[in-house]
Amino acid sequence: MLSGIEATFISLQYGLSDEEREAFRSEGLELIELYGIDLKDDQASLAHIISQLDSVVSVSTAMSELAGACGVPVLTLAIENIRWFMAEKHVSGFYPKSRMYYKKMFGTWDEALSRLRSDLIAEDCERL
């Protein structure tokens, strides 16, 4: 899904599994992991790191909320109808730089991931 996107991928997830690491390696991507920082409980350091990034891709968790609060563009994957507090379907009144990518409650992630990938490629081209 991420191959062909010119980006540096940094994991902000605590407790990253070997399977998740392998998913990046299998696409020929390097994943940078941050050591020496408590990614679960040190929210101040995590917010500082996030504020230095061009954008964050996340599922709908505290991570996506923190990235939005830091003013960083955040691309969030969520299940449709779960995020009832969003001002509009694909943007947030709270975090104007965020975009949502939904899947149907009982559907697959394919369509949402395809749209997210297209937006990442377009975003990458805008920076050139």
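In terms of this note's numbering, the sequence shown opens at residue 5 and continues consecutively. Beta carbons are placed, not taken as given, at the ideal position from N, Cα and C, and that holds for glycine.
Residue i versus the options, residue with shortest Cα-Cα distance
{"i": "L79", "options": "A73, A66, N85 and V60", "result": "V60"}
{"i": "S30", "options": "E115, G111 and M5", "result": "M5"}
{"i": "L70", "options": "A11, I125 and L16", "result": "L16"}
{"i": "C74", "options": "T112, D58 and S64", "result": "D58"}
Buried/exposed call for residue i, threshold 16 Cβ in 10 Å
{"i": "G8", "result": "exposed"}
{"i": "A66", "result": "exposed"}
{"i": "S102", "result": "buried"}
{"i": "A116", "result": "buried"}
Start-to-end residues for the beta strand (DSSP E) that takes in residue i
{"i": "F13", "result": "F13 to S15"}
{"i": "M109", "result": "No beta strand (DSSP E) holds M109; DSSP gives it neither H nor E."}
{"i": "I9", "result": "Taken as a continuous stretch (DSSP letters only), I9 belongs to no beta strand (DSSP E), as it is neither H nor E."}
{"i": "I83", "result": "V78 to I83"}
Contained alpha helix (DSSP H) runs [length at least 4] in the region 28 to 62, N- to C-terminal order: 47 to 55
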